[in-house]
Structure formats: C-alpha cells, structure tokens
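*Asks:* Questions regarding the structure given below will be posed in turn.
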Ligand code: TNX
C-alpha cells in the first residue's frame with residue numbers, strides 16, 4: 008500500500024510539473040483565444056506537411072528554415088494525408104489575417120482565413136516548438152486568433168546609420184514572426200540618401216555619403232569622429248528583392264522620401280533645390296537643420312516628382328510616406344521665391360506654404376493611384392485632403408486627424424520610440440532622449456478616450472519607430488529593439504481585454520531562447536529599476 012501511494016504521489020508530481028510547463032508556454036502576441044491541453048505532438052523526419060489548394064508555398068519558407076535549424080532535418084511536403092495540414096477556409100477562420108491552429112498528439116492543423124492567416128498560424132506554431140534531448144515537440148492547444156489592428160508597423164531609419172540588405176532581411180523575418188505587417192523604410196534624411204535614383208546619379212555618388220563616421224558611442228564621448236567617409240545606398244534591384252522578400256512574409260513596405268525638411272543630403276548634390284543655393288553638405292551629426300527644399304522653386308517639385316516616378320514602381324504599397332516633420336521655416340522666411348509663392352498662392356504664412364507643398368505632392372501621388380502618409384506636422388496650415396497622419400509628437404495629431412475623419416497611425420514618441428532608453432542601468436549604451444521601459448511600452452493604448460466610437464475607427468493601427476542615430480551596428484539596433492518590439496506586437500495584435508503585462512513577461516521567458524537561436528542580440532536589462 009505504501010509503495011502504491013508513493014507511486015501515485017510521484018506520478019502526480021510529474022504530471023503537475025509537466026502541466027505547469029505547458030501552462031506557461033505561450034505565443035507572442037497573445038492570441039485572441041488559446042486553450043491548452045496536456046497533449047504533445049512529437050516531430051520526426053517522417054512528419055510531413057500537406058498544403059491545401061491555393062496556398063502559396065512561400066508561406067512555409069520561414070517556418071521550414073527555423074524548423075531545420077532546430078531539428079537538423081526538414082519536413083517533407085506531401086500531397087496525400089499528412090500529420091500537419093494547412094488550409095484556407097474563410098468560413099471557419101472568419102477574420103482577415105486570422106487562423107485556427109490545433110495541436111493534438113496526432114495532428115497539427117492550421118486553417119487560415121487567407122494566405123496571411125496560414126502564415127501567422129505557422130508563426131504561432133514556431134513559438135510552440137520545444138526541443139529537448141534531440142526531440143522536437145509542440146504543446147497541445149487550440150488557438151483561435153486574429154489581429155486587433157489592420158496596420159501593425161515597424162519603422163527603421165537607414166539614413167543615420169545604414170544597414171545592408173542581409174540585415175534588412177533578417178529584420179523582416181523577425182517582424183513576420185511577431186505578426187507585424189508593415190515596414191516603414193525611412194530612406195532619406197539629412198545624413199544620407201539611401202535609394203538609387205537613376206535620373207539623379209549624384210544622389211548615389213554624393214548624397215549617399217557623409218564626410219565623417221561617428222564613433223565613440225559612449226555616454227561620456229558621443230561626439231568623436233574617425234574622419235572616414237560613411238554611407239551607402241540600396242540599388243533598385245536590391246530594393247525590389249527586399250520588397251519581394253517582405254511580401255512573401257505578408258509585410259508591406261512603405262517607403263519614406265522626406266520633404267520639405269530633413270533634405271540636406273539631397274541638397275548636397277543638387278544645391279539649386281535649396282533656398283540659398285548652397286553649398287551644402289550631408290550632415291555628420293544629428294538634429295534639425297535649417298536648409299530644406301525651397302518651396303518657391305519649381306525645380307524642387309520636378310525633382311521630387313521624378314524621384315517618385317522611380318520609387319513608385321519599386322513599391323506596390325498603396326501608401327507612400329512623404330515625411331513632413333521638423334521643417335524649419337527660417338530659410339523660407341527670407342527666400343524671395345518662397346515669399347513670392349506665398350503671395351501668388353494667397354497663403355497666410357510659411358505654415359500654409361508647407362501645407363501647399365504637401366498638398367501639391369499629394370495631388371501628384373494621387374494621380375498615380377497612391378495615398379500619402381505624413382508625420383503629424385502635415386496638420387500645420389491644413390491637412391491635405393486624403394492624407395493619413397502618423398502621430399509622433401504625441402497622440403494629439405492622431406486625435407485631431409481622426410476628428411477630421413482622416414486615417415491616423417499612432418506612434419507617440421513617449422511610448423513607442425525604440426531609440427529611447429529601455430533601462431536606467433549605467434551599462435546601457437548611449438541612446439536617444441527619453442526613457443521607455445518595456446512595461447510602459449506594453450501598456451500603451453492607441454485608442455484614447457477623447458475619441459468617440461466612430462472616430463476611433465480612423466485609428467488604423469500603431470507603429471514603433473527605430474531612429475538610428477545611436478544604432479551604429481546591427482547588434483546595437485537589436486539591443487534597442489528587443490524585447491520591446493514584442494511589446495509592440497501585443498499592442499498592435501492582441502485584443503485589449505487580453506493584454507496582461509505579467510502574463511507577457513512569463514511568455515517572454517520562453518521567447519528569449521528562441522530569439523537567441525535566431526541570433527538576436529536581445530537586451531537583458533529591460534526591467535525597471537524602482538527605487
Ligand atoms: C524626431 S520622429 C524625428 C527624427 C529623429 C527622432 C529622434 C520624427 C518624425 N522626426 O528625425 O530621428 O526625433 O528620436
């Protein structure tokens with residue numbers, strides 16, 4: 008009897024321990040519904056996948072790569088009965104981009120509403136995989152999932168620091184894993200022009216470069232230069248390859264061509280486009296610069312339209328970002344051409360001149376079937392008719408846009424800027440201004456109470472911005488981005504009522520080893536110091 012009791016007790020402890028482990032396994036972003044079971048699916052080299060009619064095989068690429076790196080073997084695709092089944096059925100998974108994932112001891116099935124749904128089901132499955140003693144398993148569960156917001160964005164500034172195509176592809180894979188569907192590619196700024204424009208070769212030979220490389224990214228000496236030219240740009244062929252790579256992972260790339268401010272790099276090659284005629288040089292340090300595109304000069308508009316004529320065929324995106332932020336009006340105030348434009352167009356002041364500028368570019372882009380997005384300063388002097396506002400200086404811009412029945416994307420710097428410090432540890436590398444620990448970012452709520460139910464519909468989603476002034480290397484970029492990007496994914500995807508910071512932290516514990524396997528330099532000092 009004693010022996011039997013001891014046996015029962017041991018079994019109980021074992022089952023409990025196993026169950027506790029399963030209970031803590033999870034998915035980031037937290038799905039709409041997840042029901043865990045104690046079943047476990049075990050993979051073997053014989054486990055095959057069947058891909059239902061109409062499913063694009065590209066959906067499997069990232070999963071297969073990851074699975075192979077974990078197990079050392081690939082899963083064969085089979086036309087007949089297989090233990091992993093992928094299907095599209097919009098009557099079963101009724102929400103766009105949604106999916107139903109079921110894992111039992113015998114079978115794994117993913118039913119997507121659409122291709123994206125199947126893809127996201129596979130990303131969730133990646134997060135359920137466990138490897139122990141050479142055995143790969145997936146925790147049993149039924150997941151029913153779909154996103155809260157249609158726009159789930161991440162931005163990357165490649166002007167202040169340049170990241171090569173391979174780094175961009177790795178980054179895209181990581182966005183995809185966390186169900187982020189928009190990549191806002193900040194391609195031009197004062198410190199470098201990063202996209203090949205064949206009509207303007209000096210953009211490649213001059214604007215893509217600055218005279219100095221900033222080194223010494225330490226708190227005590229952030230301003231040291233090594234005297235070496237710094238720069239680079241993407242060829243149009245590279246851009247096409249990146250756009251294709253992203254599309255295969257259900258990510259739309261929105262290019263940003265900045266205007267009328269943050270234009271020094273372009274002006275350094277084409278000084279006639281500035282109010283004073285130059286000479287100008289691409290900035291070697293950070294900030295806001297007074298020399299901007301001249302709004303009184305017709306050639307400025309011809310130049311920007313010609314640039315866009317080459318940009319548009321590369322990016323199928325409905326949206327094109329035209330910047331609009333931080334444009335000092337100093338030079339416009341004393342520029343005869345700008346003043347003439349103000350008079351001729353019956354504008355009140357330089358703010359209305361900025362609005363004229365953006366409105367004119369919007370018309371051009373609309374005539375090519377595209378819509379503009381701009382930073383919230385495009386509200387200055389009146390919003391262009393179909394513009395979407397990206398609200399960065401706070402939430403006010405997004406709220407104002409929604410109240411005017413314009414679409415808005417929330418990206419307030421206080422909550423979702425990844426160049427801000429994530430911890431107060433002195434070991435933290437030099438970063439941009441503020442302090443946004445993981446919890447603060449996680450708890451950001453994009454729909455503010457100022458908005459009525461109808462107005463809230465204009466908030467299309469949320470985005471985190473990775474300005475790269477202090478991201479001098481990929482390792483440093485990853486340190487700033489991870490794990491905070493995972494918090495963004497829950498803001499953007501997870502239903503409001505399912506958000507729970509403590510639960511997120513528990514799931515994060517299982518996610519960090521995954522990120523390590525993917526060679527991501529995740530920060531481990533993201534917790535808050537409360538004293
Ligand atoms: C403001 S956010 C900028 C960027 C800087 C960033 C640094 C925005 C639209 N403009 O040019 O890189 O602050 O945090």
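Residue numbers (the UniProt record's numbering): 8 to 538. In this text, a Cβ means the ideal position worked out from N, Cα and C, and glycines have one as well.
Would you call residue 316 buried or exposed, if buried means 16 or more other Cβ atoms sit within 10 Å of its Cβ?
*Replies:* So residue 316 ends up on the exposed side.
*Asks:* Who are the near neighbours of residue 176 in its chain, counting only those whose CB is closer than 6 angstroms to its CB and skipping five residues on each side?
*Replies:* Excluding positions up to five away in sequence, the list reads 252.
*Asks:* Is the segment 231 to 244 touching the segment 155 to 163 in the sense that three or more CB pairs, one from each, lie closer than 8 angstroms?
*Replies:* No contact exists between the segment 155 to 163 and the segment 231 to 244.
*Asks:* Compute the Euclidean distance between the alpha carbons of residue 142 and residue 93, then round it to the nearest angstrom.
*Replies:* Straight-line Cα distance between these residues: approximately 23 angstroms.
*Asks:* In three-state DSSP terms, what is residue 163?
*Replies:* Three-state result, residue 163: strand.
*Asks:* If you draw a straight line from the C-alpha of residue 187 to the C-alpha of residue 438, how long is it?
*Replies:* Looking at the two C-alpha atoms, the distance is approximately 24 angstroms.
*Asks:* Take residue 467 and list the residues in its own chain whose beta-carbon comes closer than 8 angstroms to its own, dropping the five residues that flank it on each side.
*Replies:* Contacts found: 156, 157, 158, 395, 414, 415 and 416.
*Asks:* Label residue 526 either buried or exposed according to how many other C-beta atoms from any shown protein chain fall within 10 Å of its C-beta, with 16 as the threshold for buried.
*Replies:* When all chains shown are included, residue 526 counts as exposed.
*Asks:* Run through the segment 492 to 532 for me and flag every whole alpha helix (DSSP H) of 4 or more residues, listed as ranges in chain order.
*Replies:* Segments of the alpha helix (DSSP H) lying fully in the segment 492 to 532: 508 to 524.
*Asks:* Which residues share a DSSP beta bridge with residue 190?
*Replies:* Looking at the DSSP assignment, residue 190 forms a beta bridge with 161 and 260.
*Asks:* Less than 8 angstroms separating the beta-carbons of residue 193 and residue 173?
*Replies:* Going by C-beta atoms, residue 193 is not nearer than 8 angstroms to residue 173.
*Asks:* Cβ-heavy atom distance between residue 269 and ligand 1 below 7 angstroms?
*Replies:* Yes.
*Asks:* Let me make sure I understand the geometry here. Which of 145, 285, 475 and 515 has the alpha-carbon closest to that of residue 135?
*Replies:* Ranking the options by Cα distance to residue 135, first place goes to 145.
*Asks:* Within the same chain, show all residues whose beta-carbon is closer than 6 angstroms to that of residue 336, passing over the 5 residues directly before and after it, in chain order.
*Replies:* Excluding sequence neighbours, residue 336 sits near 357.
*Asks:* Could you pull the DSSP bridge partners for residue 551 from this structure?
*Replies:* Residue 551 falls outside the range modelled here, since the chain spans only 8 to 538, and no answer is possible.
*Asks:* Taking C-alpha atoms, which residue in 491, 506 and 498 lies nearest to residue 528?
*Replies:* Nearest of 491, 506 and 498 to residue 528, Cα basis: 491.
*Asks:* Taking the DSSP output, what are the residues bridged to residue 139?
*Replies:* The partner list for residue 139 (beta bridge, DSSP) reads 142.
*Asks:* Identify the continuous alpha helix (DSSP H) that holds residue 308 and give its terminal residues.
*Replies:* Looking at the DSSP string, the run of the alpha helix (DSSP H) that includes residue 308 is 305 to 318.
*Asks:* Taking residue 287 as the reference, which of 299, 518 and 331 has the closest Cα?
*Replies:* Comparing Cα-Cα distances from residue 287 to each of 299, 518 and 331, the minimum goes to 299.
*Asks:* To the nearest angstrom, report how far apart residue 44 and residue 426 are at their CA atoms.
*Replies:* About 40 angstroms.
*Asks:* Going by beta carbon distance, what residues of the same chain come within less than 7 angstroms of residue 65, once the five residues before and after it are set aside?
*Replies:* Counting only Cβ-Cβ distances below 7 angstroms, and skipping sequence neighbours, we find 255.
*Asks:* Between which residues of its own chain and residue 56 is the CB-CB distance below 6 angstroms, once the five residues before and five after are set aside?
*Replies:* Cβ within range, chain order: 82, 84, 89 and 91.
*Asks:* Leaving aside the five residues before and after residue 183 along the sequence, list all residues of the same chain whose C-beta is less than 8 angstroms from its C-beta, in chain order.
*Replies:* For residue 183, where only same-chain residues beyond five positions count, the Cβ hits under 8 angstroms are 69, 126, 130, 256, 257 and 258.
*Asks:* Which value, in whole angstroms, describes the spacing of the CA atoms of residue 539 and residue 310?
*Replies:* Coverage of the chain is limited to positions 8 through 538, which leaves residue 539 absent and any answer about it impossible.
*Asks:* Can you tell me whether residue 530 is buried or exposed, with buried defined as 16 or more other CB within 10 angstroms of its CB?
*Replies:* It is buried - the Cβ of residue 530 has at least 16 other Cβ atoms within 10 Å.
*Asks:* Can you determine whether any heavy atom of ligand 1 sits closer than 7 angstroms to the C-beta of residue 420, and answer yes or no?
*Replies:* Indeed, a heavy atom of ligand 1 lies less than 7 angstroms from the Cβ.
*Asks:* Mapping the DSSP letters down to three states, classify residue 349 as helix, strand or coil.
*Replies:* Residue 349 falls in the helix class under three-state DSSP.
*Asks:* What residues in its chain sit with their C-beta under 8 angstroms from that of residue 97, if we drop five residues either side in the sequence?
*Replies:* Answer for residue 97: 120 and 121, listed in chain order.
*Asks:* What distance in whole Å lies between the Cβ atoms of residue 35 and residue 518, which are believed to be in contact at a cut-off of 8 angstroms?
*Replies:* Yes, residue 518 and residue 35 are in contact; Cβ-Cβ is about 6 angstroms, under 8 angstroms.
*Asks:* CA-CA distance, residue 297 and residue 338?
*Replies:* Between residue 297 and residue 338, the C-alpha separation is close to 7 angstroms.
*Asks:* What residues are listed by DSSP as bridge partners for residue 108?
*Replies:* Its beta-bridge partners are 117 and 150.
*Asks:* In whole angstroms, what separates the C-alpha of residue 520 from that of residue 489?
*Replies:* Looking at the two C-alpha atoms, the distance is approximately 12 angstroms.
*Asks:* Only counting runs of 4 or more residues, tell me where the alpha helix (DSSP H) segments fall wholly within the segment 374 to 438, in order along the chain.
*Replies:* With a minimum length of 4 residues, the continuous alpha helix (DSSP H) runs that stay inside the segment 374 to 438 are 403 to 410 and 420 to 423.
*Asks:* Given 7 angstroms as the limit, tell me if residue 382 has its C-beta closer than that to any heavy atom belonging to ligand 1.
*Replies:* At least one heavy atom of ligand 1 is nearer than 7 angstroms to the Cβ of residue 382, so yes.
*Asks:* By alpha-carbon positions, which one of 72, 278, 292 and 118 ends up nearest to residue 304?
*Replies:* If we check each option's Cα against that of residue 304, 278 comes out closest.
*Asks:* Consult DSSP for residue 78 and reduce its assignment to one of helix, strand or coil.
*Replies:* Three-state result, residue 78: helix.
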